Amino acid sequence: MPDSSSIADPIGVLLERRPIVVRSVLIGERLDTRGLEQQETLGRAPLVIRVREGGVAVLFRYGVAVLFNVDLDAERALLDRLAPFVTDPFEPREAEEIRVAIRPESDDQIDLDGTITLKEVTTERIQTVADALAKSLILAHYEARIAQAFDRVEPMAEMLRRHGRLAMGGRPILRQIGNALLVQHNLVGRAATGEKPDLLWDHPELERLYTRLAEEYELRERDRALDHKQDVILRTMETMLGLVQQRGAIRLEWYIVLLIVAELAVAVYALL
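In the numbering used here, the protein residues as written are 84 to 355.
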């Protein structure tokens with residue numbers, strides 16, 4: 084049963100099953116949480132909604148749902164309900180799972196086995212935990228995308244080193260630049276992985292908990308590493324795009340020269 088300090092908070096009543104199983108799911112590129120705020124909510128910024136059979140879901144507009152004590156059947160039902168609000172859904176969906184223990188006699192902390200220990204269950208604590216877990220999951224997703232981008236860049240650089248030329252046009256390079264820019268936009272503009280959640284402005288007592296979570300999941304370090312890798316990709320792609328454009332300009336100059344020669348040949352032929 085929940086401790087007496089959490090009875091006043093509806094989250095404490097809902098999440099009475101201990102330990103609390105938390106599952107983060109990346110469901111799509113974007114989730115329109117505004118369309119869900121009209122339903123029964125337990126909290127906002129980030130949005131917290133009730134899930135059947137005693138579970139809770141924290142939803143983020145960058146496409147992550149963090150589920151607390153939600154079994155698989157209820158999860159499937161929730162994701163089906165969220166489907167109309169999801170842009171560019173992912174399949175298969177990436178997911179991570181951890182456990183949360185409640186110990187009223189202890190401070191908010193993270194155990195050596197990765198279990199998150201909370202002093203009590205409140206909406207704000209659940210939102211803080213969910214924010215860190217959602218950012219960790221979205222970082223993992225874009226880390227994989229950036230790794231794939233590096234795999235595509237490496238053969239281009241190797242061909243340039245070996246043969247001094249690029250056997251491709253500008254369109255694939257522009258796609259790589261667009262992908263890197265989109266990753267930057269999503270991480271900085273939507274997820275704000277390098278920043279603290281706005282929730283801490285109203286609840287500064289939770290800043291220590293968030294700091295511990297950020298250190299545990301290395302949010303700032305991973306954000307900086309991703310930013311550095313994206314800069315490398317962008318600089319590389321811009322260099323290659325410049326080479327492709329230069330190659331196109333040289334080809335155009337040769338076409339002009341050939342046209343001039345052809346016109347001269349026609350003129351000489353007419354004179355003769």
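All C-beta atoms, glycine included, are put in the ideal place defined by N, C-alpha and C.
Since we're looking at a predicted model, the values are computed, not measured.
Would DSSP call residue i helix, strand or coil?
i             : result
arginine 113  : strand
serine 89     : Note that serine 89 scores a pLDDT of 40, beneath 50, so its modelled location is shaky and nothing firm can be said.
glutamate 179 : strand
leucine 347   : helix
valine 108    : strand
leucine 201   : strand
alanine 297   : helix
alanine 275   : coil
methionine 84 : With a pLDDT of only 39 at methionine 84, under 50, the local geometry of the prediction cannot be trusted, and the value read off the model is given with reservation. Coil.
Figure out for me which residue from the options has the closest Cα to the Cα of residue i.
i             : options                           : result
valine 169    : Asp214, Val108 and Tyr225         : Val108
aspartate 115 : Arg318, Pro129 and Val104         : Pro129
arginine 186  : Ile103, Val315, Val349 and Tyr338 : Ile103
Give the straight-line distance between the Cα atoms of residue i and residue j, rounded to the nearest whole angstrom.
i              : j             : result
arginine 127   : valine 139    : 13 Å
proline 85     : glutamate 188 : Low confidence applies here, because proline 85 scores a pLDDT of 41, under 50, leaving its location unreliable and the question unanswered by this model.
tryptophan 337 : alanine 348   : 16 Å
threonine 206  : leucine 125   : 8 Å
isoleucine 193 : arginine 254  : 47 Å
glycine 197    : leucine 216   : 12 Å
glutamate 112  : leucine 265   : 11 Å
alanine 148    : threonine 319 : 35 Å
serine 89      : alanine 213   : For serine 89, the predicted model reports a pLDDT of 40, less than 50, meaning its position is unreliable; a value from the coordinates is still stated below. Looking at the two C-alpha atoms, the distance is approximately 18 Å.
serine 87      : proline 93    : At serine 87 the pLDDT is 41, less than 50, meaning the model places this residue with poor confidence and gives no usable figure here.
glycine 118    : histidine 311 : 35 Å
Are any of the Cβ atoms in chain B nearer than 8 Å to that of residue i?
i          : result
valine 104 : Within the model displayed, chain B is absent; a lone protein chain is all it includes.
**Prompt:** Going along the chain, which unbroken runs of the alpha helix (DSSP H) with 4 or more residues stay wholly within the segment 118-177?
**Reply:** 155-165
**Message:** Would you call the segment 168-186 in contact with the segment 216-227, where contact means no fewer than 3 C-beta pairs closer than 8 Å?
**Reply:** yes
**Any 3 or more C-beta pairs closer than 8 Å across the segment 276-290 and the segment 314-328** = no
**Message:** Between the segment 223-230 and the segment 157-165, can you find at least three pairs of beta-carbon atoms closer than 8 Å?
**Reply:** no
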